[in-house]
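Chains as they are written, first to last, in the numbering used here: chain A, 48 to 277; chain B, 289 to 528; chain C, 919 to 1187.
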């Protein structure tokens, strides 16, 4: 307990460096969530609404990809973005851009799989009515997506949680460069490996606090919206 | 004025699901004019028959034919109200506007026509309320407003008042009568005999997926052709 | 599909736009970064040239691998045989000595192998093996790991075949390995810099130091632009030149922890 208190004190001494690390963590993870949602939610809606041969296989694969180990994703993205790799020309390795790419790949299946489940449940309610009105295909999927927007918050939050918490992928593709690609999780890993456990605990407490605040805010929005819109 | 989409002709249609036969060889024609009531006990196949006619289900064998070759046009000119209304998470007005948008009504005209439809069902003052917080009766009236805004030729209703209290039932029946008066063909499934008598002109009596009888309403009530129909009417207590 | 990929990548690029074009990437080792040297040294260079130096700190093996792939402009490590191999393979332009620091043999104050105060590190290793005292190895192809293996060789011990449960091959960086040693009360070879900054010491202290064979030589190389066209050769060379210049060497010598100098500049010696 005392270690946490001391850690928090040291953390706030870090001042500008701490803010830079916190801001970068938020930038990277929120960007990844945004990209993954832009790609994953329409994918989830398409899967929920359409029936086609092989659909079962796609759903099962998507669910399985939720368990992608972050460090493996990091390694694969590293090989892709390295100068010696196919996308080396982009010069993305060891920049925050690479971290966003890796995290997007990591959380896309999470957001898509959880959203698909929620949307499929919702589709059972809306299916007949929407078809009766003549909405089909893309139009029906988008209507469903918008109507289910509050239950999708849960899927998006799950993705955000995973992104904010992971260290394996961002460590490998970002390189934990001081002032450039150091985020909360890689900073914690570094301080732990230096043996500076109080500081690591302090940073960890800040990270947990941030995640709690984000989750609470999202829950409040969800509750307020449900009261308002039914 | 384009040709009517009626008559709707069912050519020996059957429907089965999971090995169960639900509709067993029905052939009939629905003409313009008299309000048609589909009557039958629970499990007779009324809901499935309604969905086959409306196009939500495809028959396993046989054909459903309308007098309109263009599928999109056909879709716009018939509407269905379900036992449980399904509203989008938006205002009552927005729900009606949505239906019109899907049907291709020009944007500039949607809101005004939607408000008129809400007027027709007495929901004008609730126009901006979130649709999903409305009561069951209000939501069903909203479903009718949504259908009204599209001025369909045929209106299918699948047990529209089964879940409502008597006051709400009366309100819904008033709107249905208004549809009828405006020239919309009514096809309604119900097991409420009193309602059938109040709203219907002819009856199609269904049992175990087959049409057992089709007759003008008073004739059916006075002299049902089958023993089964007679038993059905004795068993069902008509609401006032 | 291709368009989607491109859009994705453009978005990812645009998003955190810290991109400042005037920077170089230096691949170095975890122990060097954790010693705090870069925090002290790099601002001096950056103020003078305006070039931001981004250090990716990994194990020596990986640092050289990063150089081979062309993902860094400069490599700064401390494993001369491996550096010479790197040069022989044509990945570097020229290798310069920069500085040295030393390794120290850390052990529990209770000293089960009886090596405290010895000046001969090879003899100390022999005594540790004889006593089967717990010993933690980094086991991660790092400069420190190679130095440790060298000393076993000098002690006449074939550690690969001779190790028992007393020898723990952890595959970790210097800090985590020290954590493990502190938890196990074991002997461990560490670089002085990481040891001085290490806070979780438990019962551990320096057991053996000063043996010349514990000196750890650092070398710097510009990654070969002939092999990797995009290497920032002017800025990278500027950094290399500065490190071995009088100003750079003084800055290195000025770095102290608790008043103690860690790194001893020896470019051009």
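In this text, a Cβ means the ideal position worked out from N, Cα and C, and glycines have one as well.
Straight-line gap, residue i to residue j (C-alpha atoms, nearest Å)
| i | j | result |
| --- | --- | --- |
| residue 1029 (chain C) | residue 1017 (chain C) | 32 Å |
| residue 1160 (chain C) | residue 268 (chain A) | 55 Å |
| residue 528 (chain B) | residue 457 (chain B) | No answer about residue 528 (chain B) holds up, because its pLDDT of 31 lies below 50 and its placement is not dependable. |
| residue 274 (chain A) | residue 421 (chain B) | 9 Å |
| residue 526 (chain B) | residue 436 (chain B) | Confidence at residue 526 (chain B) is low in this model, with a pLDDT of 46, below 50, so its placement is unreliable and the value that follows should be read with caution. If I take the Cα positions, the gap works out to 28 Å. |
| residue 520 (chain B) | residue 446 (chain B) | 19 Å |
| residue 350 (chain B) | residue 272 (chain A) | 47 Å |
| residue 202 (chain A) | residue 166 (chain A) | 11 Å |
| residue 360 (chain B) | residue 939 (chain C) | 57 Å |
| residue 919 (chain C) | residue 142 (chain A) | At residue 919 (chain C) the pLDDT is 46, less than 50, meaning the model places this residue with poor confidence and gives no usable figure here. |
| residue 222 (chain A) | residue 1013 (chain C) | 24 Å |
| residue 1010 (chain C) | residue 1089 (chain C) | 27 Å |
| residue 933 (chain C) | residue 234 (chain A) | Low confidence applies here, because residue 933 (chain C) scores a pLDDT of 46, under 50, leaving its location unreliable; read the following figure in that light. Rounded to whole angstroms, residue 933 (chain C) to residue 234 (chain A) spans 22 Å at the Cα level. |
| residue 215 (chain A) | residue 194 (chain A) | 36 Å |
| residue 443 (chain B) | residue 472 (chain B) | 7 Å |
| residue 987 (chain C) | residue 382 (chain B) | 58 Å |
| residue 936 (chain C) | residue 62 (chain A) | For residue 936 (chain C), the predicted structure reports a pLDDT of 45, less than 50, and the residue's modelled location is therefore unreliable. A value from the coordinates is still provided. Their backbone Cα atoms lie some 20 Å apart in a straight line. |
Within chain B, partners of residue i - CB distance below 8 Å
| i | result |
| --- | --- |
| residue 246 (chain A) | Within chain B, no residue comes near residue 246 (chain A); the closest Cβ sits about 47 Å away, beyond 8 Å. |
| residue 275 (chain A) | 418 |
CB contact flag (residue i, residue j, <9 Å)
| i | j | result |
| --- | --- | --- |
| residue 262 (chain A) | residue 204 (chain A) | yes |
| residue 377 (chain B) | residue 196 (chain A) | yes |
| residue 82 (chain A) | residue 190 (chain A) | no |
| residue 218 (chain A) | residue 236 (chain A) | yes |
| residue 484 (chain B) | residue 478 (chain B) | yes |
| residue 419 (chain B) | residue 413 (chain B) | no |
| residue 997 (chain C) | residue 982 (chain C) | yes |
| residue 121 (chain A) | residue 149 (chain A) | yes |
| residue 154 (chain A) | residue 209 (chain A) | yes |
| residue 1154 (chain C) | residue 955 (chain C) | no |
| residue 1054 (chain C) | residue 1124 (chain C) | no |
| residue 1129 (chain C) | residue 1071 (chain C) | no |
| residue 1073 (chain C) | residue 1040 (chain C) | yes |
| residue 1165 (chain C) | residue 962 (chain C) | yes |
| residue 1058 (chain C) | residue 1091 (chain C) | yes |
| residue 1019 (chain C) | residue 1105 (chain C) | no |
| residue 224 (chain A) | residue 73 (chain A) | no |
| residue 340 (chain B) | residue 318 (chain B) | no |
| residue 441 (chain B) | residue 292 (chain B) | yes |
Outcome for residue i when other beta-carbon atoms lying within 10 angstroms are tallied against a minimum of 16
| i | result |
| --- | --- |
| residue 363 (chain B) | buried |
| residue 1148 (chain C) | exposed |
| residue 1079 (chain C) | exposed |
| residue 1121 (chain C) | exposed |
| residue 305 (chain B) | exposed |
| residue 97 (chain A) | exposed |
| residue 300 (chain B) | exposed |
| residue 50 (chain A) | exposed |
| residue 1107 (chain C) | buried |
| residue 1065 (chain C) | buried |
| residue 1042 (chain C) | buried |
| residue 369 (chain B) | buried |
Which residues DSSP lists as bridging residue i, in chain order
| i | result |
| --- | --- |
| residue 59 (chain A) | Note: residue 59 (chain A) sits in no beta bridge, so no partner. |
| residue 1177 (chain C) | Answer is none; residue 1177 (chain C) lacks a bridge partner. |
| residue 1017 (chain C) | C:1136, C:1183 |
| residue 1085 (chain C) | C:1053 |
| residue 1105 (chain C) | C:1053 |
| residue 502 (chain B) | B:492 |
Closer than 8 Å at the beta carbon, the chain C residues around residue i
| i | result |
| --- | --- |
| residue 140 (chain A) | 989 |
Under 7 Å by beta carbon: chain A residues contacting residue i
| i | result |
| --- | --- |
| residue 406 (chain B) | Residues of chain A passing the Cβ test: none, with the nearest at roughly 17 Å. |
| residue 1094 (chain C) | 240 |
| residue 1118 (chain C) | 242, 244 |
| residue 1115 (chain C) | 241 |
Residues that residue i contacts on chain A, provided the C-beta gap is smaller than 8 Å
| i | result |
| --- | --- |
| residue 476 (chain B) | The premise fails here: residue 476 (chain B) is roughly 15 Å from chain A at the closest Cβ pair, so nothing lies under 8 Å. |
Contacts of residue i in chain B (Cβ-Cβ under 7 Å)
| i | result |
| --- | --- |
| residue 178 (chain A) | 344 |
Residue i: contacting residues in chain A (beta-carbon distance under 9 Å)
| i | result |
| --- | --- |
| residue 357 (chain B) | In chain order: nothing, as chain A lies at least about 16 Å away. |
| residue 370 (chain B) | 175, 176, 179 |
| residue 1146 (chain C) | 130, 131 |
9 Å Cβ cut-off: residues of chain B touching residue i
| i | result |
| --- | --- |
| residue 67 (chain A) | Neighbours of residue 67 (chain A) on chain B: none; closest Cβ ~40 Å, over 9 Å. |
| residue 186 (chain A) | 390 |
| residue 194 (chain A) | 376, 377, 378 |
Within chain C, the residues that residue i reaches when beta carbons sit closer than 7 Å
| i | result |
| --- | --- |
| residue 222 (chain A) | 974 |
Interface residues of chain C facing residue i [CB-CB closer than 9 Å]
| i | result |
| --- | --- |
| residue 225 (chain A) | 951, 956, 957, 960, 972, 973, 975 |
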